[in-house]
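Here's the structure we're looking at; comments come further down.
There are 2 protein chains.
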Amino acid sequence: MTVALGLASDVVALTRALVDIPSESGHEAPLADAVEAALRAFPHLAVDRIGNSVVARTELGRPQRALLAGHLDTVPAAGNLPSRLQDDRVHGLGACDMKGGVAVALRLAATVPAPTRDLTYVFYECEEVEADRNGLHRIAAHHPELLAADLAVLMEPSDAGVEAGCQGVLTADIVVRGERAHTARSWMGANAAHLAAPVLQRLHEHTPERIVIDGLEYREGLNAVAVRAGVAGNVVPDECVITVNSRFAPSRSPEEAEAYVRKLFPEYEVHVTEVVPGALPGLDRLGDLVTALGATPRPKLGWTDVARFAALGTPALNYGPGDPTLAHTAGEYVPVEHLRTCEERLRRWLSP
Amino acid sequence: MTVALGLASDVVALTRALVDIPSESGHEAPLADAVEAALRAFPHLAVDRIGNSVVARTELGRPQRALLAGHLDTVPAAGNLPSRLQDDRVHGLGACDMKGGVAVALRLAATVPAPTRDLTYVFYECEEVEADRNGLHRIAAHHPELLAADLAVLMEPSDAGVEAGCQGVLTADIVVRGERAHTARSWMGANAAHLAAPVLQRLHEHTPERIVIDGLEYREGLNAVAVRAGVAGNVVPDECVITVNSRFAPSRSPEEAEAYVRKLFPEYEVHVTEVVPGALPGLDRLGDLVTALGATPRPKLGWTDVARFAALGTPALNYGPGDPTLAHTAGEYVPVEHLRTCEERLRRWLSP
C-alpha cells in the first residue's frame, strides 16, 4: 500500500514522513511509489517513473528551465529510525542526507504551479552505491531528454549554503614488488613491505595544491586509503599495494589528475582503478540563482552528482539543508531552520 | 581397514606406502592405525597410542636412551598424490616433509631389535597446525614420561645433514595511530598509513645480527610479514598495523627477543602476539651422535620441534632425508640416496 504524503502541509512534517519510509539503496520502491503518487496528484506536473526514480516537470514554455534533484536512498539504518523532532532538529536516518532536501523540492513541486522558469524535479535512486546503479546516471544514459536544463540545483546537504562545483576523484593502486622468501632465510628474498616505505614517506611529505577558480579555493588531497601486504606469518611478502585516493580541483582533467599521480611515483607500478572528473563552479552561468539564495558560494570539496550535470554541460551547484559532515552518521539530523530557509529562498527565486 | 605396512622390506617402498596413505593434519587416523599395527607386530617394542600419535619403545635396560621422532601429518594435497618414483627420487605429498624421515625411523624400529642404547620412537600428529594440537606437545603435557631420553633426533628434512638447535620466533604487531577524516578534507585528520613509513624504513635499514654458538652461525631476521591499513575508499585511515616476524638466535631468551624489538621501536605501540624460544645446539651433550652421522653440523634457522626437546632439557638435532626448502611445495620429493644414507648411518650408530 502506497503511503500518502502530504506535500501541501509543512516541510518539517514532510521531512519526517520521508524519513519514516525506509529507503536504503536498492530498496527505494515504497518511497518512490509514495513520491510518484503524491506528484501525480498535481495537474501542473508531467510525471515519469524510471526504475525507482521519479521525474516531474512543468511544461509552461518558459525560456529557461531549472532542475532540482535529490536522491531518495539512504545508507543502511543504524538504530536511527523512526524520525523524531527535538531541539528544532529532525533526527533520523537520511534526515540530513538527504530527505530534508527532497522534502524542500517536493514542497516546491506541489506549491509553485507557475514558476518563473520551467522546472524539472528529479528524485532518484541509488546515489549511495556503485555509480552504474545511480538513478541519475541511468536517466542520463537512457532518457537524457528528461535531464535537459539550463542550470541545476543538487539538494545535497550544504548547511543551507551554496557549495559550487566539486572536486574530482582518482583512485589508484601503487604496487611495490619484492621477492618472496621464508622468514627464517629472509635474505634470500626482498621484503616488499619494507620497500614500500618511500611511497608512504613521499605521501606524508607531499603538499597538495590549493587551486582558486572563480574566487573559490579547491584544496586538493592525496592519501593512502589502504595498505595491503602479507602472504603468511612466516613469509617475506613479495608485494605491497598502496591504494591512494586523490581529490583534484575541477580545473584538472582526469588525464591531468592521472599524470600528476604518475609523476609523483615514476619508479613504481601505478594502476588507476577509478577516475571521475569534478565540476567547475560555473558561477557566471548560474544567472541570478546565487544572489537569490543569499549565500556566499564555497567550494565543494567532496564529489557529488553535480559532476554528472557538468558532464551534461549543465551548470550546477549544491544547495540543501543539513550539515554535510553529519551525512552517514547514526546521529544525523537536519535543522528546521535550514529546511525553512532553503524552501523560502528557492520559492522566492521561482516565484513571479 | 588398516593398511599393512611392510617395515622389513625396503625404505623406498615404505616411503611410497606412507605417502599413499593420505594424512593431512587432523586426518592422521588411518596412517596412525597402520603405523601402530605394524609396530605392535614386533615383540621388542612397547607400543602406546595417544590420540593419533604412536610411541614405541625398547625396554632393554640400557644406560642411555635415544629418541627418534617424526610427524605423521602433511600439509593439504596439491595434486601430488599418489607417490611416484622417478630419477631416484620419491615424489608426492609429504615425501620430503616428512614421510621419508618417518620411513627411516620405522625401518630402524623394526630391524634393530637390540640397539646399543634404548630407543623411543615417536610418530606424532598435527605438526603442521596450531601448537596446541601438536602431538608432541600433547604427549609432553599428558605423558611426559614417554618422552624421557638422553638425546633426541628429529627427523625433519635436513638434506641428510645435521642441523643443530633452532632459532626462536617472535611475532608482534606494531600499531601506528592517526586520526580518521574524510579524504575530501584530509587535513582534518592524520593519515596512519603515511605515519607508518618510518617503521617500514627502519625495518628496511635494520641489519640483523649473526650470532655464533658452538661454532655455528645463527643469522637472525626481522621482517614485516603483514601491513594492514584501510577503513574505506574515502576515509583517511586512523590505524596502520605492521606485523613483524623476528627469528632470533637460541642464545636469546624470549624476554630478550621481545626487548630487542621494543628497543627498535620505542615510540610505537608494540604488541607481542607470540614468542617461542629456540633451542641451543648443545653439540657437547650429543656424545658420539654427530660423529656417527658423518656430517658437519649446520645451524637450523627455521623453528622446529627440537625446541620442544630443548624445553624438556633433552639435547636434540634435526637429521633427516630431503631438502628442507622443498617442504610444503607441490613438487616435493625425497632423494633415494638420502633415505639410504640416513638409514645406514643411524643403523650403524645404533648397532653393536
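Taken in sequence, the protein lines are chains A and B.
Under numbering that gives the first Met the number 0, the first residue of the first sequence is numbered 0, with each subsequent residue one higher.
Under numbering that gives the first Met the number 0, the first residue of the second sequence is numbered 0, with each subsequent residue one higher.
Just so it is clear, CB atoms sit at the ideal spot from N, CA and C, and this is done for glycine as well.
Nearest-angstrom Cβ-Cβ length linking residue i and residue j, presumed shorter than 8 Å
i	j	result
Asp308/A	Ala151/A	Checking the sequence shown, residue 308/A turns out to be Phe, not Asp. The Cβ separation is near 4 Å, so the contact holds.
Leu4/B	Val34/B	7 Å
Glu219/B	Phe247/B	5 Å
Cys165/A	Lys262/A	No, Cys165/A and Lys262/A are not in contact; Cβ-Cβ is about 24 Å, not under 8 Å.
Arg88/A	Leu13/A	About 15 Å separates the two Cβ atoms, so there is no contact after all.
Val128/B	Ser52/B	Actually they are not in contact, since the Cβ atoms of Val128/B and Ser52/B sit about 14 Å apart, beyond 8 Å.
Asn317/A	Glu155/A	5 Å
Arg56/A	Thr1/A	Not confirmed; about 21 Å, so no contact.
Coil, strand or helix - residue i by DSSP
i	result
Phe308/A	helix
Asp283/A	helix
Thr295/B	coil
Cys239/A	strand
Tyr352/A	Only positions 0 to 351 of chain A appear in this structure, which leaves residue 352/A out of reach.
Ser8/A	coil
Glu336/B	helix
Gly214/A	coil
Tyr259/B	helix
Arg83/B	strand
Glu129/B	coil
Arg176/A	strand
Glu342/B	helix
Thr73/A	strand
Arg61/A	coil
Glu23/B	strand
Glu35/B	helix
Ala195/A	coil
Arg106/A	helix
Ala189/A	strand
Beta-bridge pairing of residue i - partner residues as DSSP gives them
i	result
Gly229/A	Ala225/B
Thr170/A	Asn244/A, Glu273/A
Ser52/A	Ile49/A
Ala68/A	Val121/A, Leu153/A
Cys165/A	Ala278/A
Val90/B	The residue you asked about is not Val; residue 90/B is His in the sequence shown. Answer is Arg83/B, Tyr332/B.
Ala148/B	Paired residue(s): none; Ala148/B is not in a bridge.
His181/A	Val234/A
Gly220/B	Arg246/B
Ala315/A	Ala151/A
Glu268/B	Val174/B
Distance between residue j and residue i (C-alpha atoms, nearest Å)
i	j	result
Asn133/B	Tyr123/B	8 Å
Thr295/A	Val305/A	18 Å
His193/A	Val230/B	22 Å
Met187/B	Glu331/A	20 Å
Ile241/B	Arg227/B	7 Å
Ala130/B	Glu216/A	59 Å
Thr110/A	Ala195/A	59 Å
Glu204/B	Leu221/B	11 Å
Arg64/A	Thr115/A	9 Å
Leu146/A	Val161/A	21 Å
Ile173/A	Ser157/B	40 Å
Leu6/A	Lys98/A	13 Å
Cys95/B	Leu80/B	13 Å
Ala329/B	Asn233/B	41 Å
Gly25/B	Ala191/B	40 Å
Arg347/A	Leu325/A	28 Å
Arg209/B	Pro249/B	11 Å
Arg39/B	Ala256/B	45 Å
Pro323/B	Ala315/B	18 Å
Pro75/B	Glu23/B	6 Å
Proximity test, residue i beta-carbon vs the ligand SAM heavy atom, cut-off 7 Å
i	result
Cys239/B	Ligands in the displayed structure: none, and consequently the ligand SAM is not present.
Residue i at chain D interface by Cβ criterion, 8 Å
i	result
Cys239/A	The structure shown contains no chain D; its protein chains are A and B.
> In chain order, what residues of the region 170-197 of chain A put their CB closer than 8 Å to some CB of chain B?
Replying inline: Thr170, His181, Thr182, Ala183, Arg184, Ser185, Trp186, Asn190, Ala192, His193, Leu194, Ala195, Ala196, Pro197
> Using a Cβ cut-off of 8 Å, which residues of the region 66-79 of chain A contact any Cβ in chain B, in chain order?
Replying inline: none
> Using a Cβ cut-off of 9 Å, which residues of the region 221-234 of chain B contact any Cβ in chain A, in chain order?
Replying inline: Leu221, Asn222, Ala223, Val224, Ala225, Val226, Arg227, Ala228, Gly229, Val230, Ala231, Gly232, Asn233, Val234
>> Output needed in chain order: residues of the region 285-309 of chain B with a Cβ under 9 Å from some Cβ in chain A.
In response: Lys299, Leu300, Gly301, Trp302
>> Counting only Cβ-Cβ distances shorter than 9 Å, please list the residues of the region 21-45 of chain A near chain B, keeping chain order.
In response: Cβ contacts with chain B: none found.
> Using a beta-carbon distance cut-off of less than 8 Å, what residues from the region 242-261 of chain A approach chain B?
Replying inline: Thr242, Asn244, Arg246
> the region 197-211 of chain A: which residues have C-beta closer than 7 Å to a C-beta of chain B, in chain order?
Replying inline: Leu199, Gln200, Leu202, His203
>> So if I threshold CB-CB distances at 7 Å, which residues from the region 261-279 of chain B count as touching chain A?
In response: Answer set for the region 261-279 of chain B: empty.
> Listed in chain order, which residues of the region 149-165 of chain B have Cβ atoms closer than 8 Å to some Cβ of chain A?
Replying inline: Those would be none; no residue qualifies.
>> If the cut-off is 9 Å on Cβ atoms, which residues from the region 120-134 of chain B count as contacting chain A, listed in chain order?
In response: none
>> To be precise: take each residue of the region 95-110 of chain A, compare its Cβ to all Cβ atoms of chain B, and keep it if any distance is under 9 Å. Which residues remain?
In response: none
> According to a CB-to-CB cut-off of less than 7 Å, which residues of the region 306-331 of chain B neighbour chain A?
Replying inline: none
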